[in-house]
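For reference, the structure discussed in these notes is given below.
Numbering (the numbering used here), first residue to last: 108 to 615.
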């Protein structure tokens with residue numbers, strides 16, 4: 108005797124084979140079109156438009172498929188034919204999940220595996236990223252579509268609900284962005300929001316199948332964005348950041364100290380005071396020591412307490428994007444200060460206590476790879492590169508889903524051209540920018556341009572075939588909170604100016 112879920116699954120195939128065929132056909136079309144985006148060919152612009160069109164068509168096809176699949180046994184109302192049959196809700200839900208696995212998840216997974224193989228990458232090494240991408244697909248698309256279909260009775264109502272839900276969720280997202288604008292988010296907040304984002308719609312979906320109490324299921328869906336906003340509003344950001352970034356206490360940790368007095372500016376830079384959103388940006392400099400040459404500390408956020416006679420102001424942890432290394436003994440952190448506080452302090456000497464939330468990156472030993480113009484060559488992080496043909500980059504590198512956390516490269520380049528160099532080769536550096544997100548295309552394409560530091564833009568340098576390239580990959584080894592005090596700063600001398608092109612307080 109055929110198990111009930113398989114019986115329903117077979118019935119769904121007979122009913123929905125046209126919709127399923129369209130979904131699979133669009134996967135095939137995307138698999139054919141996607142490789143055109145991996146190179147800077149003359150047709151890259153057309154290929155991107157085609158890929159964008161296919162992205163939209165795939166989303167629409169999934170919407171139609173999920174709607175038809177769930178509405179084949181509608182859950183809204185009390186006059187459904189299937190409720191008079193011996194259907195158990197678990198069997199019904201299991202059959203729908205099986206259909207999505209066979210006609211959505213499996214083709215999507217195979218398409219991405221084939222694209223990875225076609226790009227010369229290694230699908231087995233990318234299995235964790237493949238399954239992570241499927242999870243993102245579930246959270247961002249499948250569960251919301253299925254949950255909305257479960258609480259609507261027709262495709263037209265589902266479509267209106269999807270559009271309205273997208274607008275509603277967009278407004279809630281904008282409100283969250285407004286709440287956290289410029290602020291560093293605690294490391295634990297994103298996983299909590301992500302879990303909430305998938306958990307409530309999934310619970311609403313299962314609850315609707317189990318009870319068909321549509322009003323309660325709809326309330327859970329409507330409440331999801333509101334709970335995201337509420338959780339963001341009540342989260343103690345600074346306390347969680349201090350807990351997630353333990354204070355530096357080891358002898359090998361970086362040492363921050365006051366900025367040397369001989370380098371301090373004696374007067375304010377020329378130009379009008381730059382004020383944005385009622386705040387003045389104060390560039391607070393400090394000295395850095397004790398970092399070994401194989402380490403780097405990425406500043407993710409900074410908080411400052413500014414004290415002057417009769418005035419104390421403490422900023423929340425604000426997002427920063429600085430890097431502390433042994434090669435830079437002086438660093439600068441930007442502190443947005445309310446204009447009212449700035450005016451009260453004026454030219455009075457102020458003491459600044461800085462607290463930095465940093466990620467410690469440790470460089471692996473350098474790996475040398477020999478470049479080749481005839482075939483792609485492997486690079487660290489399970490990627491590979493080819494020589495660019497358009498002159499806008501030296502290399503075009505490809506990775507599966509995301510690049511390494513931090514990857515740096517050094518290589519000798521030839522002045523002029525490889526065929527007729529005008530002088531001896533000189534060293535150059537490049538970095539592979541970190542990127543990666545939910546995408547139907549598993550290939551991340553990164554142009555890499557080597558820089559020599561030559562200020563003359565007319566000079567041309569070429570990376571030649573066969574040149575050995577040294578790659579340095581940095582891995583995150585932990586989080587650390589660094590503190591220092593900078594004494595007796597005259598704030599106008601360090602305030603941003605509308606016409607000032609240099610960072611105040613930093614020796615040039």
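No residue lacks a Cβ here, since even glycine has one placed at the ideal position from N, Cα and C. Treat the numbers as computed from the prediction; the structure is a model and nothing was measured.
Determine the contact status of residue i and residue j, defining contact as a CB-CB distance below 8 Å.
i	j	result
residue 461	residue 321	no
residue 96	residue 452	Here the chain covers residues 108 to 615 and nothing more, so residue 96 does not appear.
residue 508	residue 240	yes
residue 361	residue 475	no
residue 489	residue 505	no
residue 487	residue 514	yes
residue 308	residue 367	no
residue 409	residue 425	yes
residue 446	residue 602	no
residue 312	residue 253	yes
residue 568	residue 521	yes
residue 215	residue 243	no
residue 467	residue 585	yes
residue 530	residue 558	no
residue 587	residue 501	no
residue 594	residue 345	no
residue 411	residue 459	yes
residue 211	residue 129	no
residue 510	residue 553	yes
residue 616	residue 158	In the structure as shown, the chain starts at 108 and stops at 615, and residue 616 therefore has no counterpart that could be examined.
residue 407	residue 291	yes
residue 448	residue 418	yes
residue 199	residue 115	yes
On the DSSP bridge assignment, give the partners of residue i in chain order.
i	result
residue 492	484 and 504
residue 388	443
residue 78	Lying before the first or after the last residue shown, residue 78 is absent from the chain, which here runs from 108 to 615.
residue 590	462
residue 528	523
residue 518	535
residue 470	581
residue 198	According to DSSP, which records beta bridges pairwise, residue 198 is partnered with nothing at all.
residue 349	Its beta-bridge partners do not exist; DSSP assigns none.
residue 380	604
residue 554	503
Give me the residue from the options with the minimum Cα distance to residue i.
i	options	result
residue 302	332, 326 and 323	332
residue 517	505, 463, 125 and 477	477
residue 473	490, 270, 598 and 578	578
residue 197	155, 316, 357 and 572	316
residue 423	568, 464 and 457	464
residue 470	582, 336 and 587	582
residue 329	222, 121, 269 and 341	269
residue 347	340, 310, 295 and 319	295
residue 382	170, 117, 496 and 450	450
residue 479	456, 457 and 503	503
residue 134	275, 167 and 599	167
Under three-state DSSP, which class holds residue i?
i	result
residue 477	strand
residue 144	helix
residue 585	strand
residue 180	coil
residue 604	strand
residue 251	helix
residue 614	Its pLDDT being 41, under 50, residue 614 is placed unreliably by the model, and the measurement read from it follows with that caveat. Residue state, collapsed to three classes: coil.
residue 421	strand
residue 314	helix
residue 330	helix
residue 108	At residue 108 the pLDDT is 49, less than 50, meaning the model places this residue with poor confidence; the figure from the coordinates comes in the next sentence. It is coil, neither helix nor strand.
residue 609	In this prediction, residue 609 scores a pLDDT of 47, lower than 50, which makes its location untrustworthy; the coordinate-derived value is nonetheless stated afterwards. The answer is coil: DSSP assigns residue 609 none of H, G, I, E or B.
residue 411	strand
residue 455	coil
residue 368	helix
residue 575	strand
residue 336	helix
residue 321	helix
residue 404	strand
residue 567	coil
residue 373	coil
residue 355	coil
residue 280	helix
residue 362	strand
contact_flag[the region 158–167, the region 197–205] where n(CB pairs < 8 Å) is 3 or more: no
The region 433–440 in contact with the region 393–406 per 3-pair CB rule at 8 Å: yes
Three CB pairs or more closer than 8 Å across the region 401–417 and the region 371–378: no
Segment contact flag, the region 168–176 with the region 262–271, C-beta cutoff 8 Å, min 3 pairs: yes
Segment contact, 8 Å Cβ cut-off, at least three pairs: the region 268–286 with the region 335–344: yes
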